[in-house]
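Participant: Quick one: the structure is below, questions incoming.
Numbering (this note's numbering), first residue to last: -2 to 141.
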């Protein structure tokens, strides 16, 4: 399980996840600190070094200017953090977390349909429904 990222590290990762191409340290600095009069070169270099040490990013050293790219996907990181949260809060069960999101309308109908499709493609949808009680409709009539 991956360790959580500090907010500044997560900001760098978000830039890398959003970018279609690897970024230079300068591009990252300019996006993180667009109006900062003081150069933040050292700060960005330290963030990149920490992320590289944690194996979150790749550094391409082929050219004199190094390029940085995410080594893991946003989904992979989010999944590991969700599992960690479930371990800490609900003895490893993700069901209470998902139930909360559904009941508080934090998951859209489109996302629910995507989840159903994933469950169906993994053959888990019918198994879950057969073992447990019928799915409980949410306040807006959707079923998980």
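Heads up, the beta-carbon is just placed ideally off N, CA and C, and yes, glycines get one too.
1. For residue 62, count neighbouring C-beta atoms within 10 Å of its own C-beta (all shown protein chains included) and say buried if the count is 16 or more, exposed if not.
2. What does the alpha-carbon distance come out to for the pair residue 100 and residue 107?
3. If we require 4 or more residues per run, which alpha helix (DSSP H) segments fall completely within the stretch 31 to 99?
4. Apart from the five residues just before and just after residue 30, which ones in its own chain have a Cβ nearer than 6 angstroms to its Cβ?
5. Three Cβ pairs or more, each shorter than 8 angstroms: is that satisfied between the stretch 77 to 90 and the stretch 5 to 13?
Facilitator: According to the structure data:
1. Translated into the one-based positions of the chain shown, residue 62 becomes position 65. With fewer than 16 Cβ atoms within 10 Å of its Cβ, residue 62 is classed as exposed.
2. Here residue 100 refers to the residue found at position 103 of the chain shown. Here residue 107 refers to the residue found at position 110 of the chain shown. The alpha-carbon atoms of residue 100 and residue 107 are separated by roughly 15 angstroms.
3. 38 to 50, 71 to 87
4. Position 33 of the chain shown, counted from the start, is the residue given in the question as residue 30. Only 37 meet the Cβ criterion.
5. no
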